[in-house]
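Counting from 8, one number per residue, gives the positions in the sequence shown under this note's numbering. Each residue gets a CB set at the ideal place from its N, CA and C atoms; glycine is no exception. Bear in mind the structure is a predicted one, so any value in this text is a computation, not a measurement. For reference, the structure discussed in these notes is given below.
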Amino acid sequence: MKRRVFLRWVILVSVCLFILILASVSTGIIRNNMNVPAVTPGELKHSFESSVRWLSDNKQRIFRTHNSALWWMIKEAEDLTDNPTLTSIYQQYRREQLQTRPRNLWTPFFNPGYKPYVPDIDLLSDLKPYQILFAYALSCDTELGNEPLIKRQLQSDYCQHSLINARCVTHQQMGVFLLEQNGCGDHKRLASELLDIIESDLSLDFRVTDSYLQRALTLAQGGRSQAIKPVWVRKIMQAQSEDGGWGDYYPVIDLAGIKLGFSSRPTPVIGPGKSDFHATAQGLLLMALLLDDDKQRDDDEQRH
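Here you go:
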């Protein structure tokens with residue numbers, strides 16, 4: 008008898024939890040696609056300048072981060088905005104870091120005219136697949152382009168379960184963006200298919216984590232700024248910390264000092280989250296691209 012009662016309670020609690028989770032997810036998706044007022048250029052500028060302030064405040068720490076893709080984002084944002092503080096940060100990094108190290112596979116991020124030596128793929132085994140795609144995109148190396156690993160990544164179905172493994176498809180799209188930028192073949196159809204996937208995932212995954220930022224950034228980089236809903240931008244701006252940075256943490260529970268939330272991974276993590284260079288560099292470039300897009304629209308309207 009007691010066992011039956013216990014099992015009934017277990018079933019009842021499980022059903023209630025399932026309904027609660029389903030309701031929370033449904034509400035999150037609905038709110039993630041609400042119609043809200045468009046973000047103004049002034050709001051974008053404030054967010055951008057706040058992220059520049061974070062970089063300036065954490066300059067010495069980020070100088071020790073030798074992630075070429077992130078510093079390329081800083082360079083791209085600097086090129087778009089001519090922000091003097093950002094220019095100073097990037098030029099200092101260039102003098103103290105880039106110019107003091109030998110040229111390598113990642114040099115074309117900062118010097119597009121440089122063609123790096125690409126070793127046999129067996130010697131690139133310490134790199135992740137998407138990094139090898141980046142190496143191909145930056146070098147246009149024919150032998151590397153013929154490798155099965157590269158050919159697989161040039162298929163729109165390469166990344167499975169992109170809602171869960173979000174960075175797979177965004178990294179793939181960044182690689183395709185670099186291929187297009189460097190003239191390594193025509194990949195416009197693949198880029199369009201990947202951007203469709205990313206846009207769909209962004210409408211469903213309402214957790215504002217590093218992956219959320221990365222999805223929005225790849226849309227903006229890929230010429231899909233018009234597909235970025237105002238609510239997504241506003242959520243990203245609301246997730247920006249008071250210090251001006253972003254982190255990989257989406258809060259869910261804050262009870263009696265216990266903070267629980269999500270990162271880009273599907274499993275819960277203990278908070279609170281902290282701003283980091285990876286998320287902040289992406290947020291910075293996203294705001295720079297959106298500001299530039301607004302400026303170009305204004306210029307077009309004035310010409311007509």
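In its chain, beyond the 5 residues on either side, GLY280, LYS281, SER282, ASP283, ALA286 have a beta carbon closer than 6 Å to the beta carbon of GLY254. With a beta-carbon spacing of about 20 Å, PHE55 and ALA234 fall beyond the 8 Å limit used to define contacts.
Taken in chain order, the whole alpha helix (DSSP H) runs of length 4 or more contained in the region 94-157 are 136-146, 149-152.
In this structure, THR225 sits near GLN180, with a CB-CB distance shorter than 7 Å. Nearest to ALA144 by C-alpha distance, out of GLY120, GLN245, LYS135, VAL183, is VAL183. With the rule of 3 Cβ pairs closer than 8 Å, the region 53-67 does not count as touching the region 118-128. Boundaries of the alpha helix (DSSP H) around VAL240: 237-246.
Counting C-beta pairs closer than 8 Å gives three or more between the region 170-179 and the region 204-224, which meets the contact rule. The shortest C-alpha to C-alpha distance from ASP212 to any of GLU200, GLY190, TRP239 is the one to TRP239.
Collapsing the DSSP output to three states places ASP261 in a strand. In terms of CA proximity to LEU87, LEU292 leads the group ASP306, ARG68, ARG196, LEU292. Rounded to whole angstroms, the separation of the alpha carbons of GLY35 and LEU105 is 43 Å. With respect to LEU209, LEU51 sits apart: the two C-beta atoms are not nearer than 7 Å. Under the criterion of beta carbons closer than 8 Å, LEU197 and LEU161 qualify as touching, at roughly 6 Å.
Closest by C-alpha distance to LEU112, out of ILE204, PHE70, SER146, is SER146.
LYS266 is bridged by DSSP to ASP261.
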